[in-house]
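With numbering that gives the first Met the number 0, you'll find the sequence shown wraps up at 256, consecutive numbering, no jumps.
For glycine and all other residues, C-beta sits at the position ideal for the given N, C-alpha and C.
All values reported here derive from a predicted model rather than from experimental measurement.
For reference, the structure discussed in these notes is given below.
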Amino acid sequence: MATQMTDAHRRFLQVLMSHGIMEGSETRKLHRQCCEIDKVYYAHDKLDDFISTINSHLQPLFMQIRKGMSEDDGRAHYALVNLAETEITKMASDYTENELELFRKTMDLIVSSENGFASSTDILNLADQLKTKKMKKKEAEQVLKVFVEDRWLSERNGEYTLHTRCIIEMEQYILSNYPDVARKCNICHSLAIQSQLCESCGIVMHLPCVRKYFRAQTEPRCPQCNDFWSCDIPGMNRTDSQSPSKTGRTEKSTRRC
Ligand SMILES: [Zn+2]
Ligand SMILES: [Zn+2]
């Protein structure tokens, strides 16, 4: 049975709604603050219970607070997701037709790319090929900026990838609409956009999952096929670790993915 919502739950939901997405430590702080202000029972390890109480009340509204991971640093994030509209149509009220088409095409590029990024040049080249209404490059640049501000995309050095909020909201949509290219991480089993790929068996892992998984291994081997992991492990200097020459595949081990 669903537990009663208190003022603390309502306050928490309001703040999360106004942010759309919040980072894990911020969310934990908010949990504590809401419980203190409204003088309800607080335990630092009860955030998930607290959220599932809210979720049970959101269910009739087809809304849900979902937890996801940032593909950049592996930190947890919480986002309020609208389950009634699982497609890009949920963006429809906020953008024009050709802006949506640009977003869909950008998503195509990102999801089918090897590393989970699309360059601004490639995206801007799409602008005058839009079927709905062509866009000037300047205009498209402006639209991309808005997608970043609205946290559908994130940008790093002129390269665009999907924002954590977009991945949490659209995971199911992407998995069912890109069945040939969208893949799940072998470690955490959620959608992997920025990832590394095993050249032998084809499994993929998020970069933070790669980092975590291989931290405990003496030699990086694929969790699926046990072949040597040929990509650079993020945050780990292979040349400092124990002699990779033993594997006889030093050349491969320094390959950038
Ligand atoms: Zn993962
Ligand atoms: Zn493998």
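- For a cut-off of 8 Å, the C-beta gap from Pro-219 to Phe-227 is around 7 Å, short enough to register as a contact.
- Within the stretch 21-93, the complete alpha helix (DSSP H) runs of at least 4 residues fall at 23-36 and 46-57.
- Nearest to Thr-105 by C-alpha distance, out of Ala-75, Phe-11, Leu-143 and Lys-130, is Leu-143.
- Here Cys-208 has Cys-184, Ile-186 and Cys-187 as same chain residues with Cβ atoms under 6 Å from its own Cβ, once five neighbours each way along the sequence are excluded.
- Taking a contact to require three or more Cβ pairs closer than 8 Å, the stretch 37-53 and the stretch 1-8 qualify as touching.
- DSSP places Val-180 in no beta strand (DSSP E); its state is neither H nor E.
- Within the stretch 95-180, complete beta strand (DSSP E) segments of at least 3 residues are found at 152-155 and 158-161, given in chain order.
- Contact between the stretch 64-72 and the stretch 129-149 is not established, with fewer than three Cβ pairs separated by less than 8 Å.
- Under the three-pair Cβ rule at 8 Å, the stretch 194-202 does not count as touching the stretch 154-162.
- Between Phe-102 and Asn-81, the gap from beta carbon to beta carbon reaches 8 Å or more.
- Contact between Leu-79 and Leu-15 is confirmed by a C-beta separation of about 6 Å, below the 8 Å threshold.
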